[in-house]
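Under full-length UniProt numbering, the first residue of the sequence shown is numbered 1, with each subsequent residue one higher.
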Amino acid sequence: MTPQEETIILEARDILGRYLSQNPVIGSWQALLDYCALTVRGPIERFYVLYLDRKNRIISDELLSTGTVDHVPVYPREVIKRALMLNASALILIHNHPSGDPTPSEADLGMTKEIQKGCRYLGLTLHDHIIVGAGTELSLRDLGKL
Numbered sequence: 001m002t003p004q005e006e007t008i009i010l011e012a013r014d015i016l017g018r019y020l021s022q023n024p025v026i027g028s029w030q031a032l033l034d035y036c037a038l039t040v041r042g043p044i045e046r047f048y049v050l051y052l053d054r055k056n057r058i059i060s061d062e063l064l065s066t067g068t069v070d071h072v073p074v075y076p077r078e079v080i081k082r083a084l085m086l087n088a089s090a091l092i093l094i095h096n097h098p099s100g101d102p103t104p105s106e107a108d109l110g111m112t113k114e115i116q117k118g119c120r121y122l123g124l125t126l127h128d129h130i131i132v133g134a135g136t137e138l139s140l141r142d143l144g145k146l
């Protein structure tokens with residue numbers, strides 16, 4: 001990637017971040033996917049959480065964990081604890097698969113179920129878990145896994 005391309009990508013991230021902070025995330029699905037593609041794709045696994053208010057506006061976009069080329073540690077307790085600290089009503093989980101294949105692993109599905117259980121118990125809504133691959137994003141809700 002050239003320095004000019006890196007500058008363009010950073011500017012695009014900034015624009016999308018401002019756009020998402022002013023607009024409902026769920027009402028702007030394509031912007032969310034574009035944001036995921038720009039922010040999360042990369043050579044190591046990263047796990048983000050978008051914490052949302054009652055109107056599905058972003059309270060906070062947080063990188064919760066950084067991993068290796070094929071694993072990122074995620075602790076459901078920490079995801080939910082942070083939601084409570086922020087007074088969030090809902091969340092969207094996002095992580096990448098550096099291999100390029102967004103197919104969820106058993107670990108991805110298990111971790112999502114644990115977070116979903118905790119959310120349900122505490123009155124939080126888990127809108128989705130999006131996995132970003134090479135040029136494509138996969139929604140666990142669309143797959144019927146939520």
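Just so you know, even glycine gets a beta-carbon here, dropped at the ideal spot from N, CA and C.
For isoleucine 115 against leucine 93, the beta-carbon gap comes to about 7 Å, under 8 Å, which counts as contact.
Scanning its chain for C-beta atoms nearer than 6 Å, with the 5 sequence neighbours on each side dropped, one finds around alanine 90 the residues Leu52, Thr125, His127, in chain order.
Per the C-alpha coordinates, the member of Ala88, Asp142, Ala107 positioned closest to lysine 55 is Ala88. Residue environment analysis places aspartate 108 among the buried positions, since at least 16 neighbouring C-beta atoms fall within 10 angstroms of its C-beta. Assignment of glutamate 45 by DSSP, reduced to helix, strand and coil, places it in the coil class. Sequence-distant Cβ neighbours of threonine 136 in its own chain, meaning closer than 8 Å and more than five residues away, are Pro102.
With a threshold of 16 other beta carbon atoms within 10 Å, glutamate 106 falls short and is exposed. For the pair aspartate 14 and tyrosine 35, the Cα-to-Cα distance works out to about 10 Å.
Beta bridge pairing from DSSP links isoleucine 92 with Leu50, Asp128.
Annotation for methionine 111: Val74, Pro76 place their beta carbon closer than 8 Å to its own, counting only its chain and skipping 5 residues before and after. Between the alpha carbons of lysine 117 and threonine 2 lies a gap of roughly 44 Å. Judged by beta-carbon spacing, proline 98 lies within the 8 Å limit of glycine 42, meaning their Cβ atoms are closer than that value. Boundaries of the alpha helix (DSSP H) around leucine 109: 106-122.
Look at leucine 138 here: in three-state DSSP terms it is strand.
Excluding five sequence positions before and after alanine 134, the CB atoms of its chain that fall closer than 7 Å to its own CB belong to Gly100, given in chain order.
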